[in-house]
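Chains as they are written, first to last, in our numbering: chain A, 68 to 395; chain B, 792 to 1079; chain C, 189 to 447.
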Amino acid sequence: MNSRLQQFLPWFVLGLLALFPLVESTFYMQLLTKMLIMGIFAMSLDLLVGYTGLVSFGHAAYFGLAGYALALMTPKYEAVSLWWSLPAAIGVCALFALITGMLVLRTRGIYFIMVTLAFAQMLFFVFHDTKLGGGSDGAYIYVKPALKLGDFDLANLEKPEQFYWLALFLMAATYLLLHRVLGSSFGRALLGIKVNEHRMRALGFPVFRYQLASFTLSGALAGIAGYLAAVQYGFVNPEILSWHQSGAVLMMVILGGMGTLYGSVIGACVFVLLQEVLSNQAWFGVAAKHWQLAMGIFIILVALYLPQGLAGLAQKFRSKPVTEVADE
Amino acid sequence: MDFAFFLIQLLNGLQYGLLLFLVASGLTLVFGIMGIINLAHGSFYMVGAYLAWSLASLTGSLTAAILLAIPLTVVLGMALERLLFRHLYQRDHLYQVLLTYGLILVFEELRSLIWGDDVHGVAVPALLNASIPLTENLSYPVYRLAISGVCLLLAAALYFLIQKTRLGMMIRAGASNRDMVQSLGIDIKLIYTLVFALGIALAAFAGMINAPLSSVFPNMGSQVLIICFVVVVIGGIGSVKGAMAASLMIGLAETFGQVLVPEVAGMIVYVLMAMVLVWRPEGLFGRS
Amino acid sequence: MSDNTVSGESILRIRGLTKRFGGLVAVSNVSLDLHVGEVHVVIGPNGAGKTTLTNLLSGDLPPTSGEVMFEDRNIAGCTSDHISRLGIGRSYQKTNIFLPFTVFENCRLAAQSRTPHALRVFQPAEGYAEINRRAEEAMAAAGLSHRAGRVAATLSHGEQRQLEIAMCLATQPRVLLLDEPLAGMGPHESQRMVELIKKLTADHAIMLIEHDMDAVFALAHRLTVMVNGEVLESGTPAEVRSSPAVQLAYLGGEELLHD
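The following block contains the structure:
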């Protein structure tokens, strides 16, 4: 499709999404909200996997950490202000990412996969075995954060459509941010590191610093998703830090197509939708309880036959000639 | 802590470490020869345990169950290699991670469908159901000593395989190099199938013999897998020697940790890993 | 054979550089000097340690012992990115470019390495005129301007070798370590590469590893022969040719020096 249309399309989609609450279904709106939140989560991982070439199997650590941060910041029956609790949650994630990044970035490849998994598990055990966040029972967030300007309520997050708009806004903001960053010289350097780390170092780039910056940003953005998810469920427990969560988000990135931001969002939507469909008891009865079996098979098939993801599939239909000016 | 108590913890720690070694060596072998990271490795540990339990319930004897289960897991391993893992050899680790993650989900659900979600105990074989007295009041279970003994035997067999055979030579050279293997005049497809089957059979066997001590329960696979990863990171991937050193270290650290500092015992393993990452990121015996 | 005169002061002084891999000594006690305005060619049979030596100088490998003095600083053991930033550029024997990127992007990225403020994260990468200019200059010097928009993977082997050099040039080094730049090139392309290196000589100190003897003698101001990790002989081409040690090492003195 020509580039004029390509530029216009995201805004069009955004507009459509913004109008969605006019469809009077709370259920679908909440489902779509979940998709938007997972879209943020997936984009944050795509920065790391698709653009920097670092495969992390512990990304749920930041997702969960933000949720727990919110739970711990929220007083028992009062609302906490979103203005400072969201940045605080992001800050906690960024700090944790910075510290673990300095350790895990000393490894590569398969080691990196294993140590990122291990650190996420460590965090899982911290929340599971100690009383910090209510142990294995988890903690409730009885009152959702408040978004006030002085005494005036900017939004009431208890209302599904207003929460939906917040999620949509944050997803669009994350997308724009990443789009700018990845088009910058910093982003090009990350891609260079993914394609040929050795040469980047030989050219004089302090590779470690770039990777650490990417790792930290990635963790911080995942924190936005984790915060929103915790607000939506009103509940956190150690499962949000589990490797099932890490595996799921990795799947979303690959399903959508690594290295394309919009692909990650699409992958997230498809994955959430699939999960919803497979576990629908009305359609599948008893089998719905074991929906993970079908999901597992689906994941195996994607790994074997759809390595470029859905975005890659779409590219095949466009089939650009090889000599066209392209730098990705 | 008096001496007898210390001795018991020491023996427990060593036994746990040796068991970890069994599982970790399977993982590191598969990676060393074929370059595949298998997240579902822990699932085979679980499969072994559940097979042992269900066959023991059927036959009334754990020993018989294990003798039946071993060939079953070998066949399972060969089948999976032929059907699935064969397609992963030249692929990026990313896809191996994804595929084996999907496999974990499949295994968990199949286990749930076939054997249910309850926790089950497994009886120790009658022959080994005794204790050796250490002091007036304390005695040590023979079965635990038997496990340690079997693990040591297998470790010795692995040592022989690694040090004294041509296949072992390839492992030591870190060969995931098909041409090199083929130049030894062996059918590479067969080698890969057998090595993979051996790798997961080790994990499954560990699950089988440990079943009386740990019971069989749904999450046992993922629990052991994460620890295995830490073992491999600390020991150095592809190094069986490293796997032994790291397994023993972790076995002892966890066991003593649980009696001395139970609140933070779960974290000890990760602190050790972090220390190794700072000091020697390629692992204690890894190649830099 | 050219009549190259030696000039300029020594910018890189290598003293007693050694690299051991366990029991194997790959490079043993190598000493040589590089001067601005000079091409110092290192020759020797395969496995003589030439590429290892280059790796030691570029920081791709840490030495076991020895010194590398660059402007009064010992850079032996520094990392490759540090050494690159100091002004020592290196091209690889096995083409080491960014295959999925265009020729221009390869050079742009290389040029970007010199500007720390390029860490600005919100401005589009193409928006830096200075970096773009340097990339274009490097492409022009290597004769690749007409290929700017092509994806590197689609270039011919010779063009890829040219890109290899262009990337090196885009980092504006003072010292160039070129590892077999002519490898796999046809006669026409080789000629072009030799002329390029000749043009670069005036402002750079160049260490060149090559097997193509015509190129070696067209370019060399100094010549070092390495065998088994050691320096067999070092000096002007005339001195090296007439050295008895060199002639002894090769049957009748013919094999090495008369291709």
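By construction, the Cβ of each residue, glycine as well, lies at the ideal position given by its N, Cα and C atoms.
Could you tell me whether any Cβ in chain A is nearer than 8 Å to the Cβ of H1084 (chain B)? As shown, chain B starts at 792 and ends at 1079. That puts residue 1084 (chain B) outside it, with no answer to give.
Over what stretch of residues does the alpha helix (DSSP H) that includes F219 (chain A) continue unbroken? The residue labelled residue 219 (chain A) in the question sits at position 152 within the first sequence. That residue, F219 (chain A), is in no alpha helix (DSSP H); its beta strand (DSSP E) goes F219 to A222.
Going straight from the alpha carbon of A296 (chain A) to that of I1059 (chain B), what length do you get? Working through the first sequence from its first residue, we reach residue 296 (chain A) at position 229. Working through the second sequence from its first residue, we reach residue 1059 (chain B) at position 268. The alpha-carbon atoms of A296 (chain A) and I1059 (chain B) are separated by roughly 30 Å.
Does the contact criterion of 3 or more C-beta pairs under 8 Å hold for the stretch 251–263 of chain C versus the stretch 311–328 of chain C? no
So if DSSP puts A213 (chain A) in a beta bridge, which residue, or which two residues, is it bridged to? Numbered from its first residue, the first sequence carries residue 213 (chain A) at position 146. A:S148.
Using a beta-carbon distance below 8 Å, is R415 (chain A) in contact with chain C? The first residue shown for chain A is 68 and the last is 395, placing residue 415 (chain A) beyond what the model contains.
Would you call the stretch 834–843 of chain B in contact with the stretch 892–902 of chain B, where contact means no fewer than 3 C-beta pairs closer than 8 Å? Yes, since at least three Cβ pairs between the stretch 834–843 of chain B and the stretch 892–902 of chain B fall closer than 8 Å, the two stretches touch.
With 8 Å as the threshold, decide whether the Cβ of G271 (chain A) is near any Cβ in chain C. Taking the first sequence and counting its residues from 1, one reaches residue 271 (chain A) at position 204. Yes, G271 (chain A) lies at the interface with chain C (some Cβ there is under 8 Å from its Cβ).
Which first and last residues belong to the beta strand (DSSP E) in which H228 (chain C) is found? Your numbering for residue 228 (chain C) matches position 40 in the third sequence. H228 (chain C) -> beta strand (DSSP E) spans V227 to I231.
Can you list the alpha helix (DSSP H) stretches of 4 or more residues lying completely in the stretch 342–391 of chain C, in chain order? Runs of the alpha helix (DSSP H) inside the stretch 342–391 of chain C: 345–358 and 375–389.
H878 (chain B) CB to nearest chain A CB: under 8 Å? Locating residue 878 (chain B) in the second sequence gives position 87, where the first residue counts as 1. Chain A, which has a Cβ nearer than 8 Å to the Cβ of H878 (chain B), makes this yes.
Buried or exposed for E383 (chain C), please, with buried defined as at least 16 other CB atoms from any protein chain shown within 10 angstroms of its CB. Position 195 of the third sequence holds residue 383 (chain C). E383 (chain C) should be labelled exposed.
Taking the beta carbon of I905 (chain B) as the centre, do at least 16 other beta carbons fall within 10 Å, making it buried, or is it exposed? On the second sequence, residue 905 (chain B) is found 114 positions in, with the first residue counted as 1. The residue is exposed, with fewer than 16 neighbouring Cβ atoms inside 10 Å.
Distance between Y118 (chain A) and P142 (chain A) (C-alpha atoms, nearest Å): Residue numbering aside, residue 142 (chain A) sits at position 75 when the first sequence is read from its first letter. Residue numbering aside, residue 118 (chain A) sits at position 51 when the first sequence is read from its first letter. Answer to the nearest angstrom: the Cα atoms are 39 Å apart.
Let me see if you follow: with CB-CB separation under 8 Å, is A355 (chain A) close to chain B or not? By one-based count along the first sequence, residue 355 (chain A) stands at place 288. Cβ-Cβ to chain B under 8 Å: no for A355 (chain A).
Alpha carbon to alpha carbon, what distance is there between M414 (chain C) and A236 (chain C)? Counting from 1 along the third sequence, the entry for residue 236 (chain C) is found at position 48. Counting from 1 along the third sequence, the entry for residue 414 (chain C) is found at position 226. Their backbone Cα atoms lie some 6 Å apart in a straight line.
Give the DSSP bridge partners of N262 (chain C), in chain order. As a first step, residue 262 (chain C) is located in the third sequence; it is residue number 74 there, counting from the start. Per DSSP, C:M257.
Please report the distance separating the alpha-carbon of P375 (chain C) from that of A815 (chain B). Indexing the third sequence from 1 puts residue 375 (chain C) at position 187. Indexing the second sequence from 1 puts residue 815 (chain B) at position 24. Cα-Cα distance, rounded: 55 Å.
Inter-residue spacing [alpha-carbon to alpha-carbon] between T1125 (chain B) and A855 (chain B): No answer is possible for residue 1125 (chain B): the residues shown for chain B start at 792 and end at 1079.
Name the residue from A:V353, A:H357, A:F272 and A:I291 whose alpha carbon lies nearest to the alpha carbon of A239 (chain A). Residue 239 (chain A) sits at position 172 when you count from the first residue of the first sequence. Selected option, being the one with the closest Cα: A:I291.
Quick check on DSSP: helix, strand or coil for P1072 (chain B)? Residue numbering aside, residue 1072 (chain B) sits at position 281 when the second sequence is read from its first letter. It is coil, neither helix nor strand.
According to the Cβ coordinates, are A128 (chain A) and A213 (chain A) closer than 8 Å? In the first sequence, counting from the first residue as 1, residue 128 (chain A) sits at position 61. In the first sequence, counting from the first residue as 1, residue 213 (chain A) sits at position 146. It is not a contact, given that the beta carbons lie outside the stated cut-off.
Return the first residue and the last residue of the alpha helix (DSSP H) that M362 (chain A) is part of. Counting from one through the first sequence, the residue named residue 362 (chain A) turns up at place 295. Unbroken alpha helix (DSSP H) run through M362 (chain A): W358 to Y372.
Inspect the beta-carbon positions of G1074 (chain B) and I1028 (chain B) and report whether they are closer than 8 Å. As a first step, residue 1074 (chain B) is located in the second sequence; it is residue number 283 there, counting from the start. As a first step, residue 1028 (chain B) is located in the second sequence; it is residue number 237 there, counting from the start. A contact, by the Cβ cut-off of 8 Å.
Can you check the stretch 402–437 of chain C for any beta strand (DSSP E) of at least 3 residues that lies completely inside it and give the ranges in chain order? 410–415 and 418–423
On a Cα-Cα basis, can you pick out the residue from C:I285, C:K387 and C:D367 that is closest to S344 (chain C)? Looking up residue 344 (chain C) in the third sequence gives position 156. Ranking C:I285, C:K387 and C:D367 by Cα distance to S344 (chain C) puts C:I285 first.
Close beta carbons around D204 (chain A), own chain, < 8 Å, minus the five adjacent residues each side: In the first sequence, the residue the question calls residue 204 (chain A) occupies position 137. The residues are N304.
Note down, in chain order, all residues in the stretch 1044–1067 of chain B with a beta-carbon under 9 Å from any beta-carbon belonging to chain A. E1054, V1055, A1056, G1057, M1058, V1060, Y1061, V1062, M1064 and A1065
Contacts around L172 (chain A), its chain only, beta-carbon distance under 7 Å, and the 5 residues preceding and following it disregarded: Numbered from its first residue, the first sequence carries residue 172 (chain A) at position 105. If we look at L172 (chain A) and ignore the five residues flanking it on each side, its Cβ neighbours are F275, Q278, L279 and F282.
In whole angstroms, what separates the C-alpha of A1044 (chain B) from that of A298 (chain C)? The count along the second sequence starts at 1 and reaches residue 1044 (chain B) at position 253. The count along the third sequence starts at 1 and reaches residue 298 (chain C) at position 110. If you take the alpha carbons of A1044 (chain B) and A298 (chain C), they lie about 48 Å apart.
Count the other CB atoms within 10 Å of the CB of K207 (chain C); is the residue buried (16 or more) or exposed (fewer)? Within the third sequence, numbered from 1, the residue matching residue 207 (chain C) stands at position 19. Burial is judged here by how many other beta carbons sit within 10 angstroms of a residue's own beta carbon; K207 (chain C) has at least 16 and is buried.
How is V392 (chain A) classed by DSSP in three states: helix, strand or coil? Reading the first sequence from its first residue, position 325 is the one you call residue 392 (chain A). Reliability of the predicted coordinates at V392 (chain A) is poor, the pLDDT of 38 falling under 50, and no value is obtained from them.
When you compare the CB positions of A287 (chain A) and I157 (chain A), do they come within less than 8 Å of one another, or not? Reading the first sequence from its first residue, position 220 is the one you call residue 287 (chain A). Reading the first sequence from its first residue, position 90 is the one you call residue 157 (chain A). Their beta carbons are under 8 Å apart, which means A287 (chain A) touches I157 (chain A) by this criterion.
Rounded separation between G1012 (chain B) and A870 (chain B) - CA only: Walking along the second sequence from the start, residue 1012 (chain B) turns up at place 221. Walking along the second sequence from the start, residue 870 (chain B) turns up at place 79. The alpha-carbon atoms of G1012 (chain B) and A870 (chain B) are separated by roughly 20 Å.
What does DSSP give as the partner residues of F209 (chain C) in its beta bridges? Taking the first residue of the third sequence as position 1, residue 209 (chain C) is located at position 21. BP columns for F209 (chain C) point to C:L212.
Nearest to C160 (chain A) by CA position, among A:Y135, A:Y178 and A:T174, is which residue? Counted from its first residue, the first sequence places residue 160 (chain A) at position 93. The option with the nearest alpha carbon to C160 (chain A) is A:Y135.
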